[in-house]
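The next block holds one structure in the form of structure tokens; read it before the comments.
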Amino acid sequence: MDRNYRYLLLDMDMTLLDFKKSEKYAFAGVMESLGLRFTEYDHSRFSHVNEELWKRLEKGLINRGQLLATRFGIFSEEWGVDPARLNEMFIKNLAARDDKLPGAEDFLKALKACGKYRIYIATNGPVFTVMGRINASDLAKYADGIYISEKIGASKPDPAFFEYIFADLGDHDTSHYLMIGDRLSSDIKGANNAGMDCVLFAHDGIFPEDIQGYSINYFAGSYKELQDLLEVP
Ligand SMILES: [Mg+2]
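Here this note's numbering = 1-based position in the sequence shown + 4.
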């Protein structure tokens with residue numbers, strides 16, 4: 005790497021924490037609380053709806069309130085429970101989950117120990133669930149700061165999300181920043197929009213198939229590759 009990045013902006017979900025696992029258990033917990041038997045079918049339906057709503061949010065087609073209000077819509081009808089209550093139960097369960105991706109903590113430890121970069125977590129999400137999960141997984145100690153879309157008032161890939169960070173760190177030179185994340189529509193598009201470099205990270209080595217239209221500076225298919233790329237011993 006021939007650039008001198010000072011600040012690493014690390015995405016949280018599926019970059020450090022295993023959102024898919026946390027989502028599944030949080031959802032299963034809702035069903036259990038209601039005395040319903042958890043099925044993979046219900047979970048996959050919820051996961052699909054939630055994912056589609058997040059995509060719409062990233063495109064600016066809906067706001068956060070609409071996302072939170074509608075993601076339990078079909079289940080609310082089927083189970084006869086108020087969707088706001090379902091969402092509340094889900095969020096409470098999610099906030100307690102500590103599912104780290106395997107290798108994430110060792111990576112952060114090495115990154116912190118080498119002292120080459122200032123480390124920030126930059127994530128979309130509600131403050132309550134993000135901070136709950138970061139505290140539960142004990143990751144805050146590795147980061148110099150945590151930026152959360154709900155608090156900022158803008159979500160990745162909106163340039164306003166990144167401009168808030170540049171202003172907060174008092175450094176508007178985008179060549180000092182490197183965004184690292186798994187998601188094209190938020191992390192990579194956001195970095196492209198904000199004029200900063202980026203790494204497309206795939207913890208399991210499986211990259212998205214269609215990367216057309218995105219400008220990607222680096223690819224890392226494991227924490228080891230990411231560590232090598234960042235020249236972290
Ligand atoms: Mg992610």
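Here a beta-carbon is modelled for each residue, glycine too, at the ideal position from N, C-alpha and C.
Under 7 Å between the Cβ atoms of D102 and A144?
The sequence position of residue 102 within the sequence shown is 98, counting from 1. The sequence position of residue 144 within the sequence shown is 140, counting from 1. Taking 7 Å as the Cβ cut-off, D102 and A144 do not qualify as a contacting pair.
Is it the case that the CB of R187 approaches a heavy atom of ligand 1 more closely than 6 Å?
The sequence position of residue 187 within the sequence shown is 183, counting from 1. The beta carbon of R187 sits closer than 6 Å to at least one heavy atom of ligand 1.
To the nearest angstrom, report how far apart L90 and I150 are at their CA atoms.
Counting from 1 along the sequence shown, the entry for residue 90 is found at position 86. Counting from 1 along the sequence shown, the entry for residue 150 is found at position 146. Cα to Cα, L90 sits roughly 28 Å from I150.
Rounded to the nearest angstrom, what separates P106 and L21 at their Cα positions?
Position 102 of the sequence shown, counting from 1, holds the residue named residue 106. Position 17 of the sequence shown, counting from 1, holds the residue named residue 21. Distance between the alpha carbons of P106 and L21: 9 Å.
Would you call the CB atoms of G185 and D177 closer than 7 Å?
Here the question's residue 185 lines up with position 181 in the sequence shown. Here the question's residue 177 lines up with position 173 in the sequence shown. Not in contact: G185 and D177 (Cβ atoms no closer than 7 Å).
Any non-hydrogen atom of ligand 1 closer than 6 Å to T133 Cβ
Your numbering for residue 133 matches position 129 in the sequence shown. In terms of side-chain proximity, the C-beta atom of T133 is found no nearer than 6 Å to any non-hydrogen atom of ligand 1.
For L61, tell me which candidate among P237, G209 and P130 has the shortest Cα-Cα distance.
One-based indexing of the sequence shown puts residue 61 at position 57. Taking only the C-alpha atoms, the option nearest L61 is P130.
If you check the beta carbons only, do D162 and I123 fall under 7 Å apart?
Residue 162 sits at position 158 when you count from the first residue of the sequence shown. Residue 123 sits at position 119 when you count from the first residue of the sequence shown. Result no, Cβ atoms of D162 and I123 do not sit closer than 7 Å.
Ligand 1 and D208: does any heavy atom of the ligand fall closer than 6 Å to the residue's C-beta?
As a first step, residue 208 must be located in the sequence shown, where it is residue number 204. No, the beta carbon of D208 sits no closer than 6 Å to any heavy atom of ligand 1.
For Y168, the first and last residue of its enclosing alpha helix (DSSP H)
As a first step, residue 168 must be located in the sequence shown, where it is residue number 164. P163 to L173 is the extent of the alpha helix (DSSP H) around Y168.
Mind checking who K113 pairs with in its DSSP beta bridge?
On the sequence shown, residue 113 is found 109 positions in, with the first residue counted as 1. Answer is none; K113 lacks a bridge partner.
Taking a contact to mean a Cβ-Cβ separation below 7 Å, would you say I125 touches M35 in this structure?
Counting from one through the sequence shown, the residue named residue 125 turns up at place 121. Counting from one through the sequence shown, the residue named residue 35 turns up at place 31. Not closer than 7 Å, so no.
Can you list, in chain order, the stretches of the alpha helix (DSSP H) that have 4 or more residues and sit fully within the region 8-91?
23-37, 44-62, 68-74 and 77-83
For L12 versus Y121, is the C-beta distance shorter than 7 Å?
Position 8 of the sequence shown, counting from 1, holds the residue named residue 12. Position 117 of the sequence shown, counting from 1, holds the residue named residue 121. Yes, Cβ-Cβ distance for L12 and Y121 is below 7 Å.
Where G185 falls: helix, strand or coil (DSSP)
Within the sequence shown, residue 185 is the residue found at index 181, counting from 1. Strand, per DSSP.
CB N128 to CB K160, shorter than 7 Å?
Within the sequence shown, the letter at position 124 stands for residue 128. Within the sequence shown, the letter at position 156 stands for residue 160. Yes, the Cβ-Cβ distance between N128 and K160 is below 7 Å.
Can you tell me where the alpha helix (DSSP H) with T133 in it begins and where it stops?
Position 129 of the sequence shown holds residue 133. It spans V131 to S141 - the alpha helix (DSSP H) in which T133 sits, taken as one unbroken run.
Can you tell me which of the three DSSP states Y218 falls into?
Residue 218 sits at position 214 when you count from the first residue of the sequence shown. Looking at Y218 - three-state DSSP - the assignment turns out to be coil, as it is neither helix nor strand.
G39 versus E55 - alpha carbon distance
For the purposes of this step, residue 39 is taken as the residue at position 35 of the sequence shown. For the purposes of this step, residue 55 is taken as the residue at position 51 of the sequence shown. About 25 Å.
With DSSP as the reference, label F94 as helix, strand or coil.
Locating residue 94 in the sequence shown gives position 90, counting from the first residue. Note: F94 maps to helix in three-state DSSP.
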